[in-house]
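Notes to accompany the following structure.
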Amino acid sequence: MRENRVAERDDDESILRLTAGPSDHHHHQRPVVRRSDPAMFNIKKKLTPSDLGHLSRLLLPKDMVKSHILPNFDEDLVGRMESEVGLEVTVFDEDRQKEYELIFKYLKSSRSFVFNGKWTHDFVKLLNLNKDDEIGLYLDTIPSPKPKFHFSLLKLAGQADGCSCSSTRIE
Numbered sequence: 526m527r528e529n530r531v532a533e534r535d536d537d538e539s540i541l542r543l544t545a546g547p548s549d550h551h552h553h554q555r556p557v558v559r560r561s562d563p564a565m566f567n568i569k570k571k572l573t574p575s576d577l578g579h580l581s582r583l584l585l586p587k588d589m590v591k592s593h594i595l596p597n598f599d600e601d602l603v604g605r606m607e608s609e610v611g612l613e614v615t616v617f618d619e620d621r622q623k624e625y626e627l628i629f630k631y632l633k634s635s636r637s638f639v640f641n642g643k644w645t646h647d648f649v650k651l652l653n654l655n656k657d658d659e660i661g662l663y664l665d666t667i668p669s670p671k672p673k674f675h676f677s678l679l680k681l682a683g684q685a686d687g688c689s690c691s692s693t694r695i696e
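Residue numbering for the sequence shown is 526 to 696, as defined by this note's numbering.
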C-alpha cells in the first residue's frame, strides 16, 4: 500500500460517543463508540436486497472504489483482488470495535467490486441489517500486512436525513 497516511487521532476529544436515535424497527439500541470522524467514511451505500441475500456479498459502488480504494493499491494488491480467490482484507467494525476477515474481489463477469466471504454472517445477521440501511466504509491507508477497511452503520432505514446518530441492532 502507498504511504498516504490517515491521521491517527487517539485522544479523548476525537472519540465520538453517539447514542442511537428513534427508528421504526423493533430492536435494542446501545451507545456507539466510533473512533473515526464520520466524515472519513468516504464510501457510503444504502443496502439493497442483493446485499442482504443468499449470495453473501456486498456490492460496492464502482466509482467510489475507483476514487477511494484503487489509488492506494499497488499492482500486487490489484492482481490479487482481480484473481479468482480475491484479496483477503480486514474489516474493522467501528461500532462493535471488532475485526473481521472478508474477501475483496473484482468480479469480471459483472464488472463489479464486492466484499464476500462471511459478509452475511458477520455483518448482515449480527447487525440485523435491512434494506435501505446506510453503511459507510473507508480504507485505512496506514501500512499493514493486509488492507484494512473501517465499517460503520451510519443510518437506519427510515431515519431522518441529517441525524448524526448511529445504531446497532442486537436481538
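Don't be surprised by glycine CBs; every beta carbon is placed ideally from N, CA and C.
Apply the 10 Å Cβ neighbour rule to residue 611 and answer buried if 16 or more other Cβ atoms are within range, or exposed otherwise. buried
Can you tell me where the beta strand (DSSP E) holding residue 582 begins and where it ends? Residue 582 -> beta strand (DSSP E) spans 582 to 585.
Which partner residues of residue 638 appear in the DSSP bridge assignment? 585 and 631
Given 8 Å as the limit, is there contact between the region 596 to 604 and the region 641 to 649, that is, 3 or more CB pairs closer than that? no
Is it buried or exposed for residue 622, if we count other Cβ within 10 angstroms and need 16 for buried? exposed
With the cut-off set at 8 Å, would you say residue 568 and residue 583 are in Cβ contact? No; because the gap between Cβ atoms is not below 8 Å, this pair is not in contact.
Report the partner residues of residue 569 according to the DSSP bridge assignment. BP columns for residue 569 point to 661.
Distance cutoff 8 Å, beta carbons only. Does residue 596 sit that close to anything in chain D? Here there is only one protein chain, and chain D is not present.
Starting from residue 618, follow the beta strand (DSSP E) in both directions and report where the run begins and ends. 612 to 618
Below 8 Å CB to CB, which residues in the same chain sit around residue 626 once its five sequence neighbours on both sides are set aside? 613, 614, 615, 616, 642 and 643
Distance between residue 638 and residue 603 (C-alpha atoms, nearest Å): Approximately 12 Å, taken between the alpha carbons.
What does the Cβ neighbour count give for residue 671, buried or exposed, with the cut at 16 atoms within 10 Å? exposed
Please report the distance separating the alpha-carbon of residue 631 from that of residue 664. 16 Å
Looking at the structure shown, is residue 579 part of a helix, part of a strand, or coil, going by DSSP? coil
Proximity to residue 679 [Cα-Cα], best of 666, 578 and 652: 652
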